[in-house]
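Structure record follows, encoded as structure tokens.
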Amino acid sequence: MTTTEPAPNPAEEAAEEERPIGFGRLLRKEDPRLIRGMGNFVDDIQLKGMLHLAILRSPMAHARIVSIDVSAAQAHPKVVAVITGADLAEQGLAWMPTLSNDTQAVLATDKVRFQHQEVAFVVAEDRYSARDALELIDVEYELLSPVINVRKALDPDAPIIRDDLEGKTDNHIFDWETGDEAATEAVFLNAEVVVSEEIIYPRVHPAPMETCGCVADVERVSGQLTLWCTSQAPHAHRTVYALVAGLPEHKIRVIAPDIGGGFGNKVPIYPGYVCAIVASLVIGKPVKWMEDRTENLVSTGFARDYVMKAQIAATKEGKILAVRSEVLADHGAFNGVAAPVKYPAGFFGVFTGSYDLQAAHAKMTAVYTNKAPGGVAYACSFRITEAVYMVERIVDCLAHELKMDPAELRLKNLIKPEQFPYTTKTGWVYDSGNYEPAMRMAMDMAGYEELRREQAEKRERGELMGIGVSFFTEAVGAGPRKDMDILGLGMADGCELRIHPTGKAVVRLSVKTQGQGHETTFAQIVAEEIGIPPEDIEVVQGDTDNTPFGLGTYGSRSTPVSGAAAALVTRKVRDKAQIIASGMLEVSVADLEWTKGSFAVKGDPSKSVTIQDIAMRAHGAGDLPEGLEGGLEAQICYNPENLTYPFGAYICVVDIDPGTAVVTVRRFIAVDDCGTQINPMIIEGQVHGGLADGIGMAMMQMIAFDEDGNCLAGSLMDYLIPTALETPDWETGHTVTPSPHHPFGAKGIGESATVGSPPAVVNAIVDALKPYGIRHADMPLTPSRVWETMQGNHTPPI
Amino acid sequence: MQVPAPFEYERATSVEHAIALRERLGEEARFVAGGHSLLPMMKLRLANPEYLIDINDLSELFYISEDANEVRIGAMTRHRDLLDSELLAQHFPIFRDAEKVIADPVVRNRGTLGGSLCQADPSEDLSAVCAALDAACVIKSTSGERVVSMADFHVGPYETAVGDAEMLTEIRIPLRPNSGSAYEKVERRAGDWAIVSSGAAVWMDGDVIANGRVGLAAVGPNTTSIETVSAALSGAAPSEELYQTVGDIAAANCSPQTDQRGTAAYKRHLAMELTRRSLRRAVARATGQEA
Chain R
1 MTTTEPAPNP AEEAAEEERP IGFGRLLRKE DPRLIRGMGN FVDDIQLKGM
51 LHLAILRSPM AHARIVSIDV SAAQAHPKVV AVITGADLAE QGLAWMPTLS
101 NDTQAVLATD KVRFQHQEVA FVVAEDRYSA RDALELIDVE YELLSPVINV
151 RKALDPDAPI IRDDLEGKTD NHIFDWETGD EAATEAVFLN AEVVVSEEII
201 YPRVHPAPME TCGCVADVER VSGQLTLWCT SQAPHAHRTV YALVAGLPEH
251 KIRVIAPDIG GGFGNKVPIY PGYVCAIVAS LVIGKPVKWM EDRTENLVST
301 GFARDYVMKA QIAATKEGKI LAVRSEVLAD HGAFNGVAAP VKYPAGFFGV
351 FTGSYDLQAA HAKMTAVYTN KAPGGVAYAC SFRITEAVYM VERIVDCLAH
401 ELKMDPAELR LKNLIKPEQF PYTTKTGWVY DSGNYEPAMR MAMDMAGYEE
451 LRREQAEKRE RGELMGIGVS FFTEAVGAGP RKDMDILGLG MADGCELRIH
501 PTGKAVVRLS VKTQGQGHET TFAQIVAEEI GIPPEDIEVV QGDTDNTPFG
551 LGTYGSRSTP VSGAAAALVT RKVRDKAQII ASGMLEVSVA DLEWTKGSFA
601 VKGDPSKSVT IQDIAMRAHG AGDLPEGLEG GLEAQICYNP ENLTYPFGAY
651 ICVVDIDPGT AVVTVRRFIA VDDCGTQINP MIIEGQVHGG LADGIGMAMM
701 QMIAFDEDGN CLAGSLMDYL IPTALETPDW ETGHTVTPSP HHPFGAKGIG
751 ESATVGSPPA VVNAIVDALK PYGIRHADMP LTPSRVWETM QGNHTPPI
Chain D
1001 MQVPAPFEYE RATSVEHAIA LRERLGEEAR FVAGGHSLLP MMKLRLANPE
1051 YLIDINDLSE LFYISEDANE VRIGAMTRHR DLLDSELLAQ HFPIFRDAEK
1101 VIADPVVRNR GTLGGSLCQA DPSEDLSAVC AALDAACVIK STSGERVVSM
1151 ADFHVGPYET AVGDAEMLTE IRIPLRPNSG SAYEKVERRA GDWAIVSSGA
1201 AVWMDGDVIA NGRVGLAAVG PNTTSIETVS AALSGAAPSE ELYQTVGDIA
1251 AANCSPQTDQ RGTAAYKRHL AMELTRRSLR RAVARATGQE A
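Chains as they are written, first to last, in my numbering: chain R, 1 to 798; chain D, 1001 to 1291.
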């Protein structure tokens, strides 16, 4: 069942003074702290005797290390230690596993494999001295030719990047495929219309406001390691440290304090964390390492970097029959993709999109290049950004060839509500969906027909206006443990709830907010289930000593997985509360009726007890039903049955100045369906952020390299983040199609807009350029690239 | 956090004090005005001055004044004050055009006219503005002061005529009747450096342009004022054909390079297109025809 509702008018919203006990609009509990500058981020942490670590990075993309002379750096009066790869190698710590079962150098020993790779580190009394001493380290390099162009990575004469891997004779990482190649080929052979296009999703970077960093403190006597860290997944990190470094897990405490944005950038374990731990272990004092902005952009988890050859088969009437693709994936120098192990291409398999197809097939080759490692970041839902971008772009190419309206073409092919649960030709089971109402709602909000009329008039006058449509289906909430693990760790989430005697509560999560609003959302989930006001519920997260195990916050998994855990643990507590209530009211459990916050005797609502009364009784001196322990608390571990599949319809309207090729995004309409909504205000905030991201990627962002492998995006003057001036007033709306398997029907929302918006923007710009005969243009569509496209000189960005 | 290399710091208390410090400390010393170019370069360690002489206390350099012949602007006048100045808006609307699109409010609150000109970044906007307006720069030293034209002020990228023991103290802009000016900039994103900018100023004599100048930014080191543009405008009657001709001259006389901001061909095109637009608007303003 789907309900539809445009976003409320903010003026009406302000008039509503009632605070929900449960779901509804509610100001964020964390904001009074954050907006007053009173948060506690990693770089705010100061410990007695704390030292500062700075990393020396390679100036070259590919070079052999001939020698390193650290004597001058060691002689610096404020330097405590200088450590090289050779020093780490002696301890067996020069290499570490990545989340994709590859290895990555902590500090380079033999070669540097990307520009800005970690080569040595300095620990000093202050961060200025640490940085100064880096300039005193003398490294002699022997330059090697780098592999920068991904298309040449597998050439027979390409230099071998990973000669550290035994028997490695090329730069190949893996081949992967999905779907039925033969069946797809058969459909293409008989298809009336086939459209092909090479579609590139360039390398981009999440660029969180707060860069990555940590404070490592190894207590000398007990050997206890406390690590304050910018981690989206503190529990997973702790276990990896235990497995990799052989530290006993009970002696490791990972604390993720306030985090200033993650977007996937803070999922991997970076060499800097390991260096800080080693330094603290060796020196016996706390050690802080904080990246600067350049280090964050040039060395940490990037995103995308896919060259996708896409093909779509259809009838002349516009019935889409099949989609297939061949992808060349640039993973950089180490395969550091943070995705479930059995999914080397992430969830790219959902490239069939929101359409009912007869066949689909994709194959992918991933290669090493002399670039920074990473690959899954920037709110991509494990490569769904790439998949959705490809299918939404190729559908528009088909519309272009068929001379059909792109919205009409989509409406003709969307999966029908009665087909859910829908199994795609690549094996994904979409849990629920009702696509057409979302599409119609977006078109109504946009005034689609009127926009097309306006566009036709403008074209007559030589003005350039474009309308871009995208429809996306996401797959989030990883994931069922039978299918999904990271380094052998199942992707189930724990949750604990304790009701205090006075009826206040504390809920402990395994996931960790980076700004998404967990402190509010999870309090609302518990409130909805047990009737305690959200302000009376403390949400504890980010500290492995104080929270149950779970895999962390990324891939929009917090609400689908931990949100479910929070609801179920609350129901478990409520079940116990019901037994206590039956004793208090002297009736059988079956004779009680729950209304939010209290149990009453069926048929006699005057006889009731509140959850607060029950909490006091649970901890008090009075009698409890026979055999029942005191206390009111529970713990569970939730293993999701399936992913959840949010979806949405986006429409973007752009104007292009024909003289300068400057694109203005005039309007953006976003209709999202993330199932049951917990806090619509937070959802809108998540959507707004993702839409801005989409404009950034579509129009201005790319981590580019020159032919020597120098990264050209090392500052925010080179790597541009959109501002309020590039973004229109967002027009959001939503439909609600609950997930059938989630305890209260919610789906994730964190990445929907990042997934859905880039194709809408690019489709709009390409649509505006239709008078020039343009069918496709690659991101980033900067004024220069748009102008070159208008001149017939479009070149791929990589 | 990016941190600079060690440096020594002193706050100058007067122009004389600042120049004396500069004379004593030599080429390893830099003045810091708004600091919005110098400090980021120091944090990135692209600039490593041994001494910083802070001139933010020199209140004698914060002013915008006019007499019968010219407008004088103190070198420490902040972008924000250039943007807000009604005096400038009245005589030289090009300033407000440009200031609206220079960096962002935070930078504009600190950055100064003198600092912008002395930074001499080829993409910097106020150099093009001052070149279009035929401004002159007052440079002081212990031995007195000299006045140089914008053409002579810029020696090359990041290089100016200001010597180690000198200080830019004032910018003078001639006041001539029947003037109009305008600025056009294309950037990848608000607050970014220009892909290309074009500033134009014209002085009318009845129905013809008595004198006109165009200054470009971000299309090479020596395009702040193009002689052939002024020759083409002198004595010409305004028309779309004239703007096109002058735009073509501007495009032909710049030396853009392909970079992350755009291809050389695109930048050359913009030099033409933006010059057409800035001239058209400058003339409209000079003749009271602006829409």
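Glycine is no exception: its CB is placed at the ideal position from the N, C-alpha and C atoms.
Please read all numbers here as calculations on a predicted model, not as lab measurements.
Buried or exposed: which applies to residue i, given that a residue is buried once 16 or more other Cβ atoms fall within 10 Å of its Cβ?
i       : result
R/N171  : buried
R/L321  : buried
R/D545  : exposed
D/Y1009 : exposed
R/K747  : buried
R/E142  : exposed
R/I255  : buried
R/E457  : exposed
R/A130  : buried
R/T789  : buried
R/N413  : buried
Indicate whether residue i and residue j have their beta-carbon atoms separated by less than 7 Å.
i      : j      : result
R/Y306 : R/E386 : yes
R/S510 : R/T553 : no
R/S384 : R/V429 : In the sequence as presented, Ser is not what sits at residue 384 of chain R; that position holds Ile. Against a cut-off of 7 Å, the Cβ pair of R/V429 and R/I384 comes out as no contact.
R/M445 : R/G261 : no
R/A359 : R/K425 : yes
R/G756 : R/F472 : yes
R/G709 : R/T294 : no
R/L592 : R/A615 : no
R/D493 : R/S562 : yes
R/W95  : R/C214 : no
R/V587 : R/I579 : no
R/K309 : R/E291 : no
R/V240 : R/I259 : no
R/F668 : R/P728 : yes
R/D431 : R/T644 : yes
Quick check: the Cα distance between residue i and residue j, rounded to an integer number of angstroms?
i       : j       : result
R/P234  : D/G1035 : 39 Å
D/P1174 : D/N1048 : 37 Å
R/V119  : R/L227  : 23 Å
R/D330  : R/G375  : 8 Å
R/V287  : R/D126  : 10 Å
R/R151  : R/R203  : 14 Å
D/G1288 : R/D778  : 44 Å
D/A1020 : D/E1170 : 18 Å
D/M1001 : R/D43   : 9 Å
D/L1039 : R/L716  : 15 Å
R/A89   : R/K111  : 14 Å
R/R440  : R/V671  : 10 Å
R/G49   : R/K285  : 6 Å
R/P208  : D/A1098 : 31 Å
R/V539  : R/R617  : 23 Å
R/D657  : R/P759  : 21 Å
R/C833  : R/E684  : In this structure chain R extends from 1 to 798, so residue 833 of chain R is not present and cannot be described.
Legend entry - Validate contact between the stretch 18 to 28 of chain R and the stretch 97 to 107 of chain R using beta carbons, cut 8 Å, 3 pairs: no
Inset, instruction - Could you tell me whether the stretch 262 to 282 of chain R touches the stretch 301 to 320 of chain R, using the rule of 3 or more Cβ pairs below 8 Å? - result: yes
Legend entry - alpha helix (DSSP H) runs contained entirely in the stretch 556 to 614 of chain R, provided each spans 4 or more residues: 564 to 585
Inset, instruction - Could you say if the stretch 1241 to 1250 of chain D and the stretch 1267 to 1287 of chain D meet the contact criterion of at least three C-beta pairs nearer than 8 Å? - result: yes
Inset, instruction - Quick one: which unbroken beta strand (DSSP E) runs of 3-plus residues sit fully inside the stretch 191 to 217 of chain R? Chain order, please. - result: 193 to 204
Legend entry - Stretch-stretch touch, CB-based, cutoff 8 Å, three pairs: the stretch 761 to 772 of chain R with the stretch 646 to 661 of chain R: yes
Legend entry - Ordered list of beta strand (DSSP E) runs contained in the stretch 333 to 373 of chain R, each at least 3 residues: 359 to 367
Legend entry - Ranges of the alpha helix (DSSP H) found wholly within the stretch 29 to 66 of chain R, counting only runs of at least 4: 31 to 34
Inset, instruction - Can you check the stretch 114 to 171 of chain R for any alpha helix (DSSP H) of at least 4 residues that lies completely inside it and give the ranges in chain order? - result: 127 to 134
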